[in-house]
Amino acid sequence: MDDRTWPCPQWADQCLPPDRPIKSACSSVCLLHNHTAGPQRQPVQVHLRSSVYLFTMAAPKKVCIIGSGNWGSAIAKIVGANAAQNSKFDDTVKMWVFEESVNGRKLTEIINTDHENVKYLPGHKLPANVLAVPDLVEASSDADILVFVIPHQFIGKVCETMKGKIKGDALGISLIKGVDEGPDGLKLISDVIQEKLGITMSVLMGANIANEVADEKFCETTIGCKNKNHGALLKELMQTNNFRVTVVEEYDVVEICGALKNIVAVGAGFCDGLGFGDNTKAAVIRLGLMEMIAFARIFCTAGPVSSATFLESCGVADLITTCYGGRNRKVAEAFVKTGKSIEELEKEMLNGQKLQGPATAAEVYLILKHKNLIDK
Ligand SMILES: NC(=O)c1ccc[n+]([C@@H]2O[C@H](COP(=O)([O-])OP(=O)(O)OC[C@H]3O[C@@H](n4cnc5c(N)ncnc54)[C@H](O)[C@@H]3O)[C@@H](O)[C@H]2O)c1
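Given below as structure tokens:
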């Protein structure tokens, strides 16, 4: 073999300065492209300029997206395109789809044939390497990276189905906004997944209204991740020119922000429904942010709770966008104007999409009651 037949496509030209000793060049290239890292190793024997070297090359990581709603489909567009271009990831990205019939056809069949989720993200093509799979275990069992993006009320059942049937060293990342009200009070959704499946979890939250992300309009997002290497890998999987990722360590604060802002958005919607102006809504947003910070300072006990995290996309930016553009605001406004119940409006206005704000408000109320903190 010569340089040109090296198995890494990025090797030739870029990475082997001709004046550099072969051995050090080899080791820096392999570290650069992550060939020596990772749980699965495939030995690769390379004959280079008359010498023989034995390398290990990490197999491309298989990615599975658990969920295919509005946000699940928008993120599939990004992850599918990134995986297709990056040799660290397997080309095929499986997406678990909760099967349903749309105009007499199965949604999975529509996605795999027409490459569009016509129910939850109409008008946007998904990359052809995104494969819709209706069976959850089949979709997730061989994945190295699991992206959880379903409405939080379904996470318990989904984890039960996956339990014991996935790779033990898989990495998980949750894009789910909400909290769980367990017997001991607050439980983050990422903690629920970690406990049930025994995998290491990170989170991604931000000012990311799915349709705008799918339109490739510029936005920022925040990954909360304790492990720097995992954070870097997940950033490579998620980031694009128009979807800029910042990684922070305070994963629990990032996740709490994502859940609580939906409650504030319901308040902002009431404000709009009652005909109050922008000043009043700004007050609701400011007071809401103060309460989010106070709540995080009590309940995020895994590490520090720094003000800087609230200034990331997951904090103030997500709060603002949700209070102006999100579905929780919209339905809350209609609740005031029509007098219909939230359940009725969810059915009428959201075409199968789920509301998170009212359910999260109920859960947070019970959590505060449990801790005798209702007064706060
Ligand atoms: N849509 C957004 O703009 C956005 C942005 C950021 C984060 N999020 C969060 O992402 C998560 C997923 O939201 P979404 O917008 O992708 O979903 P969605 O509300 O658009 O769609 C609902 C999804 O739930 C599925 N579903 C229905 N019944 C089910 C069941 N019994 N079991 C499992 N799945 C079932 C449907 O098939 C559909 O895929 C939520 O936590 C949401 O807060 C959404």
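Residue numbers for the sequence shown follow full-length UniProt numbering, so the first one is 1 and each next one is one higher.
Even for Gly, the Cβ is constructed at its ideal location relative to N, Cα and C.
Of the candidates 341, 319, 182, 218, 182 places its Cα closest to the Cα of residue 370. Counting only runs that start and end inside the stretch 211–240, the alpha helix (DSSP H) elements of at least 4 residues fall at 228–238. Residue 127 places its beta carbon 8 Å or farther from that of residue 87. One Cα belongs to residue 199, the other to residue 236, and the distance between them is close to 20 Å.
Note on the stretch 127–175: whole beta strand (DSSP E) runs with a minimum of 3 residues are 130–133, 145–148, 171–174, in chain order. Here residue 360 carries a helix assignment [DSSP, helix/strand/coil]. Cβ-Cβ distances below 6 Å link residue 263 to 357, 360, 361 in the same chain, with the five nearest sequence neighbours on each side left out; the list follows chain order.
Secondary structure note for residue 355: it is in no alpha helix (DSSP H), with a DSSP letter that is neither H nor E. Relative to ligand 1, the nearest heavy atom lies less than 7 Å away from the CB of residue 175. The way I'd put it, the stretch 149–169 does touch the stretch 59–73; three or more beta-carbon pairs between them come closer than 8 Å. Distance from the CA atom of residue 74 to the CA atom of residue 301, rounded to whole angstroms, is 32 Å.
At a cut-off of 4 residues, the continuous stretches assigned as alpha helix (DSSP H) that sit fully inside the stretch 267–326 are 278–299, 307–310, 318–325. In summary, residue 218 is exposed, with fewer than 16 beta-carbon neighbours lying within 10 Å of its beta-carbon over all protein chains present. In terms of Cβ geometry, residue 221 and residue 313 form a close pair [threshold 8 Å].
Pairing residue 243 with residue 78 gives a Cβ-Cβ distance under 8 Å. Residue 66: not part of any alpha helix (DSSP H); member of the beta strand (DSSP E) spanning 61–66, first to last residue. Counting of Cβ neighbours within 10 angstroms places residue 372 among the exposed residues, the total staying below 16. When secondary structure is reduced to three states using DSSP, residue 375 falls in the coil class, being assigned neither helix nor strand. Here residue 210 is buried: its Cβ has 16 or more other Cβ atoms, across all protein chains shown, within 10 Å.
Annotation: the continuous beta strand (DSSP E) that includes residue 186 extends over 185–188. Within the same chain, 249, 251 come within 7 Å of residue 226 by CB-CB distance, once the 5 residues on both sides are set aside. Between the alpha carbons of residue 325 and residue 311 lies a distance of about 19 Å.
Between the stretch 269–277 and the stretch 85–100 there are fewer than three inter-stretch CB-CB distances shorter than 8 Å, so the stretches are not counted as touching. No residue range can be given for residue 88, since it is assigned to no alpha helix (DSSP H) and is classified by DSSP as neither H nor E. In the three-state DSSP reduction, residue 341 falls in the coil class, being neither helix nor strand. Residue 158 and residue 95 have their C-alpha atoms spaced approximately 14 Å apart. Taking residue 364 as reference, the option from 329, 256, 342, 308 with the minimal CA-CA separation is 256.
Residue environment for residue 290: exposed (fewer than 16 other C-beta atoms within 10 angstroms of its C-beta). In the assembly as shown, residue 287 is an exposed residue. Its beta-carbon has fewer than 16 other beta-carbons within 10 Å.
A direct Cα-to-Cα measurement between residue 268 and residue 206 gives close to 18 Å. Of the heavy atoms belonging to ligand 1, at least one sits nearer than 7 Å to the Cβ of residue 70. A direct Cα-Cα distance of roughly 24 Å separates residue 203 from residue 117.
Shown here for residue 281: same chain residues with a beta carbon closer than 6 Å to its own, the five before and five after excluded, namely 268, 271 in chain order.
By the beta-carbon neighbour count (other beta carbons within 10 angstroms, threshold 16), residue 233 is buried. Only buried fits residue 140, as 16 or more other CB atoms lie within 10 angstroms of its CB. Fewer than three pairs of CB atoms, one per stretch, sit closer than 8 Å, so the stretch 292–299 makes no contact with the stretch 322–342.
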